[in-house]
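As structure tokens, the structure follows; a few thoughts come after it.
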Amino acid sequence: MGETEAIELSITEIITRLNTEITDYTGVKKWQEQTGGQAVGWLPPDVPVEIIAAFGLLPVAILGSQAEVKMASAHLPNYVCSYMRSSLDLVLQDKLNFLAGLIFPQGCDAKKHITDLFERNSQWTFLHRQLLPKQLDRPSSRVYFAQEIRRLISELKRFSGVDPTEEDYRMAVTGYNLNRGLLRQIVEIQQKKRTLSNEQFFAIVKSALLLPVAQCNVYLAEIIDAVSAESADETKIPLVLSGTIVESWELLRTLDEFGLTIVGDDLYAGYRYYNQDLLLDEGIRDPEERIVAAVVKRHYGQIPYSNYFAKDLDKKAFILDLAARTGARGVVFALLKFCDAVDYDYPLIKEALAEQKIPSIKLEIEFQSAASGQLKTRLQAFAEIIRGRGNGI
Ligand code: SF4
Numbered sequence: 016m017g018e019t020e021a022i023e024l025s026i027t028e029i030i031t032r033l034n035t036e037i038t039d040y041t042g043v044k045k046w047q048e049q050t051g052g053q054a055v056g057w058l059p060p061d062v063p064v065e066i067i068a069a070f071g072l073l074p075v076a077i078l079g080s081q082a083e084v085k086m087a088s089a090h091l092p093n094y095v096c097s098y099m100r101s102s103l104d105l106v107l108q109d110k111l112n113f114l115a116g117l118i119f120p121q122g123c124d125a126k127k128h129i130t131d132l133f134e135r136n137s138q139w140t141f142l143h144r145q146l147l148p149k150q151l152d153r154p155s156s157r158v159y160f161a162q163e164i165r166r167l168i169s170e171l172k173r174f175s176g177v178d179p180t181e182e183d184y185r186m187a188v189t190g191y192n193l194n195r196g197l198l199r200q201i202v203e204i205q206q207k208k209r210t211l212s213n214e215q216f217f218a219i220v221k222s223a224l225l226l227p228v229a230q231c232n233v234y235l236a237e238i239i240d241a242v243s244a245e246s247a248d249e250t251k252i253p254l255v256l257s258g259t260i261v262e263s264w265e266l267l268r269t270l271d272e273f274g275l276t277i278v279g280d281d282l283y284a285g286y287r288y289y290n291q292d293l294l295l296d297e298g299i300r301d302p303e304e305r306i307v308a309a310v311v312k313r314h315y316g317q318i319p320y321s322n323y324f325a326k327d328l329d330k331k332a333f334i335l336d337l338a339a340r341t342g343a344r345g346v347v348f349a350l351l352k353f354c355d356a357v358d359y360d361y362p363l364i365k366e367a368l369a370e371q372k373i374p375s376i377k378l379e380i381e382f383q384s385a386a387s388g389q390l391k392t393r394l395q396a397f398a399e400i401i402r403g404r405g406n407g408i
């Protein structure tokens with residue numbers, strides 16, 4: 016076995032172990048057995064996981080499921096996205112009973128309106144609605160968001176009976192900053208080398224959203240060692256992926272099949288989660304106010320998200336810049352059916368990309384849809400168009 020072959024095996028081995036931990040929340044359940052600790056679910060975007068962790072609780076992202084939706088259809092109209100539909104199904108099938116509670120960001124209309132159904136159909140004693148300002152450049156917006164973060168802290172205190180110390184906050188922030196930094200390192204290596212398949216890369220991101228942070232950091236460091244030793248694969252076409260959340264592993268595999276590799280994204284269950292650290296301002300003496308200020312600062316320095324509005328939050332400019340920075344040769348819009356706000360942004364971004372002669376393709380996806388023959392044909396044609404243009408686009 017040659018050196019490269021041995022390294023490939025090593026990446027595969029690490030990611031196989033990691034996949035075992037993230038499947039059916041196995042890693043979370045093991046952590047609960049070992050520590051007797053409680054896990055609290057959260058949904059992206061924009062829940063400050065560091066604050067949950069400072070209470071000694073394990074933050075676990077709820078990312079829906081690709082399994083057939085069995086029970087949620089009786090509770091929901093057809094025009095709700097498959098992320099919400101499949102997540103509610105997990106609740107209705109008692110598959111999230113291992114959680115002690117849930118933090119539900121009110122980031123879009125679907126999430127806002129479905130929260131009651133989660134509350135009514137679960138056994139949790141704690142369900143916190145995290146309100147999020149939509150017009151970010153209004154003068155009251157930051158004050159409102161800071162107050163919301165204080166409300167989250169006070170609700171967590173009431174629920175857990177814990178009042179975190181300065182050290183608790185600091186340790187939680189350190190662990191998650193390391194985690195996000197490691198993810199950024201992996202994506203930077205991926206931009207240069209394209210060693211990982213899309214499926215592997217998004218399994219890694221998913222592990223950061225699901226696993227205990229210390230355990231995940233060990234995996235990420237191992238992956239960095241393994242991919243750093245690899246040589247670049249110039250045959251793969253680098254792409255940007257735009258959307259919200261991609262749990263369609265069939266889609267990722269199909270992209271892999273045609274040599275299309277994601278090197279940048281704007282997903283809220285992706286780059287939005289790890290693009291920035293949480294920076295504590297040591298000039299603020301009160302530890303609680305220090306973390307509130309840090310969460311607010313990070314939130315107002317975030318990448319664009321279609322459900323928020325601000326004059327200087329230009330998603331079109333962000334995608335163009337991301338494509339330029341990452342060397343992407345095309346953009347795949349993987350838009351979840353019925354995710355209206357994201358869909359409304361699409362025509363303007365597509366036009367801007369066309370003006371810059373950057374090819375793009377829009378795919379309407381659902382959590383449960385397999386890659387159809389038509390989708391495969393479209394992606395194959397997309398790959399051929401890009402290859403036909405050579406490197407000069
Ligand atoms: S995918 Fe779109 S509609 Fe569904 S929860 Fe996310 S933002 Fe809301």
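Here my numbering runs 15 ahead of the position in the sequence shown, where the first position is 1. By construction, the Cβ of each residue, glycine as well, lies at the ideal position given by its N, Cα and C atoms. Every value quoted in this text rests on a predicted model; they were computed, and no experiment measured them.
Check	Outcome
Are Glu-214 and Leu-267 touching if we call contact CB-CB under 9 Å?	yes
Given 8 Å as the limit, tell me if Met-186 has its C-beta closer than that to any heavy atom belonging to the ligand SF4.	no
Of the choices Ser-102, Ser-101 and Pro-302, whose alpha-carbon is the least far from that of Ala-180?	Here the sequence assigns Thr to residue 180, which means Ala is not the residue at that position. The candidate whose alpha carbon is nearest that of Thr-180 is Pro-302.
Can you list, in chain order, the stretches of the alpha helix (DSSP H) that have 4 or more residues and sit fully within the region 304-345?	330-341
If you draw a straight line from the C-alpha of Ile-238 to the C-alpha of Arg-153, how long is it?	42 Å
Could you tell me whether the region 151-167 touches the region 48-59, using the rule of 3 or more Cβ pairs below 8 Å?	no
Could you tell me whether the region 78-85 touches the region 250-263, using the rule of 3 or more Cβ pairs below 8 Å?	yes
Given 8 Å as the limit, is there contact between the region 62-69 and the region 232-248, that is, 3 or more CB pairs closer than that?	no
With distance defined between alpha-carbon atoms, name the residue in Ser-25, Ser-101, Leu-107 and Leu-114 nearest to Ala-410.	One cannot answer for residue 410 here, as it falls past the ends of the chain, which runs 16 to 408.
Can you check which of these residues, Lys-312, Gly-285 and Leu-368, is closest to Asp-296 by C-alpha distance?	Lys-312
Taking the continuous beta strand (DSSP E) assigned at His-143, which residues delimit it?	141-145
Once the 5 residues before and after Gly-407 are set aside, which same chain residues still bring their CB inside 7 Å of it?	Reliability of the predicted coordinates at Gly-407 is poor, the pLDDT of 39 falling under 50, and no value is obtained from them.
Between Gly-56 and the ligand SF4, is the CB less than 8 Å from at least one heavy atom?	no
Based on the DSSP secondary-structure assignment, which residues constitute the bridge partners of Ser-375?	Val-346
Pick helix, strand or coil for Asp-292, following the three-state DSSP scheme.	coil
Would you report the Cα separation of Trp-139 and Ile-118, rounded to the nearest angstrom?	11 Å
Between which two residues does the beta strand (DSSP E) carrying Pro-179 extend?	From DSSP, Pro-179 is part of no beta strand (DSSP E); its letter is neither H nor E.
Leaving out five residues on either side along the sequence, give the residues of the same chain with a beta carbon under 6 Å from the beta carbon of Lys-221.	Ile-37
For Leu-351, write down the residues that DSSP places opposite it in a beta bridge.	Ile-380
Using the three-state DSSP reduction, which class does Thr-276 fall into: helix, strand or coil?	strand
So is Asn-112 buried or exposed if we call it buried at 16+ other beta carbons inside 10 Å?	exposed
Give the straight-line distance between the Cα atoms of Pro-362 and Arg-185, rounded to the nearest whole angstrom.	43 Å
Which residues does DSSP pair with Ala-54 in a beta bridge?	Leu-73
Buried or exposed for Ala-69, please, with buried defined as at least 16 other CB atoms from any protein chain shown within 10 angstroms of its CB.	buried
Check whether the Cβ atoms of Pro-120 and Leu-193 lie closer than 9 Å to each other.	no
Under the criterion of a Cβ to heavy atom distance below 8 Å, does Cys-231 qualify as lining the ligand SF4?	no
Regarding Lys-208 and the ligand SF4, is the C-beta to nearest heavy atom distance less than 8 Å?	no
Would you mind sorting Gly-279 into buried or exposed? The rule is 16 or more other CB atoms within 10 Å of its CB.	buried
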